[in-house]
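Residue 1 is where the sequence shown starts when you use UniProt numbering, and the numbers rise one by one after that. Heads up, the beta-carbon is just placed ideally off N, CA and C, and yes, glycines get one too. Following: one structure in structure tokens, then a few remarks.
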Amino acid sequence: MYERKILPNLNCGLDLIGEVLYGKWKIRLLWFINEGHQRPSELQRKIPDASRRVLNIQLKELEEHGLVSKIIYPVVPPKVEYSLTEFGQTLIPILSALGQWGDENEAYLRSVILKRLDSGIE
């Protein structure tokens, strides 16, 4: 298991939100869970580029941060569902605003990202 070498800086709200939302798929997971995609297989279909392992790790972290809750049903085969907690629901308007900003600036953002990729900088 990965062990952090440098402790996170938790001195301001931006550091805190970065610590909680850091992870390539976390914002999308929160959004799709809010839209009603609650089963791991549904989330995997919505984010096909992510491995099941990575999604499970990020879902576990979101659960540990109190943003999502996990329900395991006692059936065979096992059934798992995720839902946003009340705390997690407070992020949805913020994620919506970020998505709107991305949509409004899509052409510019796409061009700078592609330019960076073309130049080999990562």
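- Within the same chain, Cβ atoms closer than 7 Å to the Cβ of residue 27 are found at 21 and 95, the five residues on either side in sequence being excluded.
- Segment contact: the stretch 57–72 against the stretch 8–17, fewer than three CB-CB distances shorter than 8 Å; contact not assigned.
- Residue 103 and residue 115 have their C-alpha atoms some 19 Å from each other.
- The C-beta separation of residue 29 from residue 43 comes to about 6 Å, placing the pair in contact by the 8 Å criterion.
- Under the three-state reduction of DSSP, residue 72 is assigned to strand.
- About 6 Å separates the CB atoms of residue 82 and residue 59; that is less than 8 Å, so the two are in contact.
- Here the C-alpha atom of residue 54 lies approximately 11 Å from the C-alpha atom of residue 47.
- Distance between residue 72 and residue 8, taken at the CA atoms: about 31 Å.
- Of 109, 51 and 89, the smallest CA-CA separation from residue 34 is found for 89.
- Where residue 81 is concerned, the enclosing beta strand (DSSP E) starts and stops at 79–84.
- Each residue's CA atom was taken as its position, placing residue 80 and residue 18 some 27 Å apart.
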